[in-house]
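J.: Handing you a structure now.
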Amino acid sequence: MVVNKYYSISELTKEFGVSTRTLRFYEDEGLIHPERRGRTRLYRAADRRLLMEILRGRRIGFTVAEIREIVQVYREPPGEVGQLKLLMKKVDEKRAELRQKRKDIEETLAELDNVEEACLTRMAEIGVGT
Numbered sequence: 001m002v003v004n005k006y007y008s009i010s011e012l013t014k015e016f017g018v019s020t021r022t023l024r025f026y027e028d029e030g031l032i033h034p035e036r037r038g039r040t041r042l043y044r045a046a047d048r049r050l051l052m053e054i055l056r057g058r059r060i061g062f063t064v065a066e067i068r069e070i071v072q073v074y075r076e077p078p079g080e081v082g083q084l085k086l087l088m089k090k091v092d093e094k095r096a097e098l099r100q101k102r103k104d105i106e107e108t109l110a111e112l113d114n115v116e117e118a119c120l121t122r123m124a125e126i127g128v129g130t
């Protein structure tokens, strides 16, 4: 016999280190759909797994809209295959975005080095010590 295990909002907030406001936000955004018993939210194991995926998506930089798109593809045809293909595409896009940011940061650091070197050179020319 399978027992339906429900998680309370406080159990999930403790497990994942998020606030109740965060869980309610994801609910308001339509990402998770806990059952309601009066004013009490009851989260199923599937909600817990989905929350884990949502938080992982946020950690790697996906927006809520991107996460919603990935979740929606899973819920509708073509289902998991479509979701996996979309997720791979999003991962490639995010990776390219991060590589570009890294390149931009490296260029900015190099420019800062050039400015610092120019300042030191000019200070030496005018006889100012550092």
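Taking the UniProt record's numbering, the leading residue of the sequence shown gets 1, the next gets one more, and so forth. Just so it is clear, CB atoms sit at the ideal spot from N, CA and C, and this is done for glycine as well.
#1: Return yes when at least one heavy atom of the ligand MN lies under 6 Å from the C-beta of cysteine 119, else no.
#2: Taking only beta-carbon atoms, is leucine 84 less than 7 Å away from chain B?
#3: Between the Cα of glutamate 53 and those of Glu116, Ile67, Glu29 and Gly82, spot the shortest distance and give me the residue it belongs to.
#4: Rounded to the nearest angstrom, what separates valine 91 and threonine 40 at their Cα positions?
#5: Given that a residue counts as buried once 16 or more other Cβ atoms are within 10 Å of its Cβ, and exposed if not, what is leucine 12?
#6: Spatial neighbours of aspartate 47 within its chain, please: CB distance less than 6 Å, with the 5 preceding and 5 following residues excluded, ordered by chain position.
#7: Just list the beta strand (DSSP E) runs in the UniProt domain "HTH merR-type" (6-73), keeping only unbroken ones of 3 residues or longer that don't cross its boundaries, in chain order.
#8: Between glutamate 43 and tyrosine 7, is the Cβ-Cβ spacing less than 7 Å?
#9: Taking the alpha helix (DSSP H) that glutamate 80 falls in, what are its first and last residues?
T.: So, from the data block:
#1: The ligand MN is not part of the structure shown, which contains no ligands of any sort.
#2: Looking at the structure shown, chain B is missing, and only one protein chain is on hand.
#3: Ile67
#4: Approximately 36 Å, taken between the alpha carbons.
#5: buried
#6: Ile32 and Pro34
#7: 35-37 and 40-42
#8: In the sequence under discussion, the amino acid at residue 43 is tyrosine, which differs from the glutamate named in the question. For tyrosine 43 and tyrosine 7, yes; Cβs fall inside 7 Å.
#9: 80-125 is the span of the alpha helix (DSSP H), which, as asked, contains glutamate 80.
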